[in-house]
Amino acid sequence: MKQKKEPFISEDTRKIIKKELDNLKEPVSILIFTAEEVNKPFNEFSIKLFTELSQLSEKILPKFEHIGGELAGKYNVDRSPTILIQPEKYDIRLTGAPAGEELRTLLLTLIMVSTGMAILSDASRSRLADLKDKRNVKVFVSPTCPYCPLQAVLAISAAIEKAGLVTTEIIDIYENKDLAAKYNAFSVPQVFIDDRLVGLGLQPEEVFVEEILTAAPVKIKPVEVSAEKKKTDLLIIGAGPAGLTAAIYAERSGLKSVVIEKANIGGQVAITPVVENYPGFTKIGGKTLMDMMAQQAIQYADIHEGEEVLEIQKTDDVFDVKTNRANYETKAVLLTTGAESKKLGIAGEKEFQGRGISYCAACDGYFFKDGKKVIVVGGGNTAASEALYLKNMGVDVRLVHRRDALRAEMFLQQGLTKNNIPILWNTEVKEIIGDKFVTSVLLENPVDKTQKNMPVDGVFIAIGYTPNNDLAKNLGIETDEEGYIKVDPGHRTNIKGIYAAGDITGGFKQIVTAVSQGAVASSAIFEDISNPYWKKKEG
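Residues 1 to 539 in this note's numbering are what the sequence shown spells out, letter by letter.
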């Protein structure tokens with residue numbers, strides 16, 4: 001009896017994708033170009049993917065073409081695989097297979113093209129209406145980067161909104177290493193407009209739109225927003241584990257809440273390759289875990305991604321909060337702004353960021369697979385986890401630590417030993433050296449001051465975190481000597497009505513503690529709004 005052929009897309013994933021494709025309105029024509037023996041596994045992936053997508057929706061109309069043929073010449077296609085989406089109407093191309101995180105980009109693109117509706121704010125549409133000149137946008141991505149789909153969708157939205165003027169190309173850096181080398185794009189996402197680098201890392205929508213108009217890097221600037229205030233009980237700033245948990249607990253206690261996140265949902269956890277110490281999961285990807293939290297939180301609270309708080313003012317018993325999108329009036333503010341990666345502060349670090357230097361193995365590690373030589377700098381859990389992730393990806397990795405013992409959990413240290421990852425003890429990185437991209441590092445023994453030069457292709461820095469405390473400092477909130485916010489057991493700050501939870505408060509930086517703090521803070525906020533502790537004292 002002939003064995004039934006397993007589908008390329010798993011049954012569970014098929015159900016999710018089919019639900020998304022049910023949103024399609026008009027048919028979407030797709031041209032998939034491939035060349036034999038060039039990126040063969042990715043060609044096969046693309047062919048199988050679009051074949052099965054067409055089985056899930058009759059509105060998906062793929063056509064498979066060979067590079068070198070008439071259509072390849074017409075559309076100037078010379079890379080395999082290349083996917084053109086609705087090419088008779090839009091200039092949108094994916095140079096590389098839409099695998100991993102980029103499948104999210106593809107699905108959103110199909111929906112936008114089918115409906116003719118770009119995912120842009122009204123303000124962005126209004127600004128783009130002023131565009132008169134043609135623009136060519138390139139976004140370099142990798143399938144493991146959780147930030148990349150947001151940036152890619154912005155670029156594709158511009159091509160849909162300004163069809164005929166904006167062309168957008170999403171380029172996978174691993175499948176197109178020569179292009180990545182040409183543009184020095186070894187960290188993702190990176191955005192080029194008319195072949196000029198305008199953005200390294202995820203950009204706010206308002207900034208990207210201004211860059212489309214100017215074809216040059218710009219800094220964020222205030223935009224006119226409606227004077228009408230949106231009222232809520234609790235405004236949560238930051239959509240990491242603490243913020244999302246607080247939103248769930250707030251709504252369940254009867255408080256209306258809004259979550260504001262200037263970047264992507266999930267914070268540092270979203271770029272953690274693997275989580276092995278969160279109860280209930282033996283092993284789970286950080287991005288997957290945060291997606292699950294977000295899906296639950298969305299059932300309770302409004303979550304606004306890509307929105308940044310610009311100003312907070314207190315008036316009587318309420319706070320007026322201005323963002324780049326709206327004005328809010330809230331009874332309480334919870335800061336869950338987290339922390340960002342520390343910098344080494346050495347020569348070459350700033351110069352080669354995005355050209356061999358990275359602070360995110362999940363984002364950029366994919367480029368270094370197939371035996372490229374890198375070092376991970378640090379001795380804690382993050383450094384050990386990133387080294388293991390890179391090793392399992394096929395990267396030639398070494399851990400560089402300035403002391404003679406690691407701070408990482410013993411389980412992770414055992415993993416380093418089991419995977420034969422060399423550790424350079426008592427070693428500091430003094431300088432990062434390169435030309436167009438990183439070529440070596442200068443290492444020094446802090447004990448005897450001896451130095452040596454080590455050839456490397458990349459440097460991953462994981463030496464701890466710096467609190468994102470700009471809002472706190474502007475408000476006059478008390479912090480400790482390292483800049484972390486001081487709170488009482490209910491996560492109250494020194495300013496009535498403002499609370500803080502998660503990594504921004506310092507201490508033990510773990511997902512489980514952030515979740516716990518979010519719950520505790522939310523409970524305290526409910527109690528204080530219902531029966532203010534300061535009024536009790538006054539009475």
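Glycine is no exception: its CB is placed at the ideal position from the N, C-alpha and C atoms.
Please read all numbers here as calculations on a predicted model, not as lab measurements.
Residues bridged to Pro-467 (per DSSP): Ala-339
Thr-34 - partner residues in DSSP beta bridges: His-66
Counted within 10 angstroms of its Cβ, other Cβ atoms place Pro-98 as buried (16 or more) or exposed: By the neighbour-count rule (16 or more Cβ atoms within 10 Å), Pro-98 is buried.
Runs of beta strand (DSSP E) lying entirely within the region 397 to 483, each at least 3 residues, in chain order: 428 to 434, 438 to 444, 451 to 455, 458 to 461, 465 to 467
Ile-236 versus Ser-341: straight-line alpha-carbon distance, rounded: 22 Å
Stretch-stretch touch, CB-based, cutoff 8 Å, three pairs: the region 454 to 474 with the region 382 to 391: yes
Per DSSP, cross-strand counterpart(s) of Gly-199: Val-191
Segment limits, beta strand (DSSP E) that includes Lys-230: 229 to 237
Top-ranked residue by Cα proximity to Val-561, from Lys-369, Met-393, Arg-398: Residue 561 lies beyond the stretch modelled for the chain, which goes from 1 to 539, so this question has no answer here.
Inter-residue Cα distance where the pair is Asn-184 and Gly-354: 8 Å
Enclosing beta strand (DSSP E) for Thr-323 [first to last residue]: 318 to 323
First through last residue of the alpha helix (DSSP H) which encompasses Arg-252: 241 to 252
Candidates Ala-239, Gly-286, Glu-276, of which the one nearest Ala-263 by Cα: For the residues Ala-239, Gly-286, Glu-276, the minimum Cα distance to Ala-263 belongs to Ala-239.
C-alpha gap between Pro-149 and Arg-403, whole angstroms: 38 Å
Contact under 8 Å by Cβ, Asp-91 with Thr-167: yes
Cβ neighbours of Met-1 in the same chain (closer than 7 Å, five flanking residues each side left out): Unreliable placement is indicated for Met-1, whose pLDDT of 45 sits below 50; no coordinate value is reported for it.
Three-state secondary structure (DSSP) of Thr-315: strand
Residues bridged to Ala-332 (per DSSP): Leu-234
Proximity of Asn-176 and Ile-111 at Cβ, strictly below 8 Å: no
Given Glu-409 as reference, the closest of Tyr-484, Leu-289, Phe-367, Glu-276 once Cα atoms are compared: Glu-276
Start and end residues, beta strand (DSSP E) containing Tyr-300: No beta strand (DSSP E) holds Tyr-300; DSSP gives it neither H nor E.
Three-pair Cβ contact test at 8 Å for the region 109 to 124 versus the region 191 to 209: yes
Nearest-angstrom Cα separation, counted from Ser-530 out to Val-95: First, the amino acid is wrong: residue 95 is Thr here, not Val. Distance between the alpha carbons of Thr-95 and Ser-530: 55 Å.
Span separating the alpha-carbon of Asp-178 from that of Tyr-484: 43 Å
Rounded separation between Gly-507 and Asn-136 - CA only: 46 Å
Straight-line Cα distance separating Arg-325 from Ala-159: 22 Å
Option nearest Tyr-174 by Cα separation, candidates Leu-442, Asn-468, Ala-405, Phe-42: Phe-42
Simplified DSSP assignment, three categories, for Glu-210: helix
Beta-carbon gap between Ala-339 and Asn-468 smaller than 8 Å: Yes; because the gap between Cβ atoms is below 8 Å, this pair is in contact.
Residues bridged to Tyr-499 [DSSP beta-bridge criterion]: Leu-334, Arg-492
With 16 other Cβ atoms within 10 Å as the buried cut-off, status of Thr-313: Sequence check: residue 313 is Gln here, not Thr. Under this definition Gln-313 is an exposed residue.
Proximity test, Ala-246 beta-carbon vs the ligand GTP heavy atom, cut-off 7 Å: You won't find the ligand GTP in this model; it holds no ligand whatsoever.
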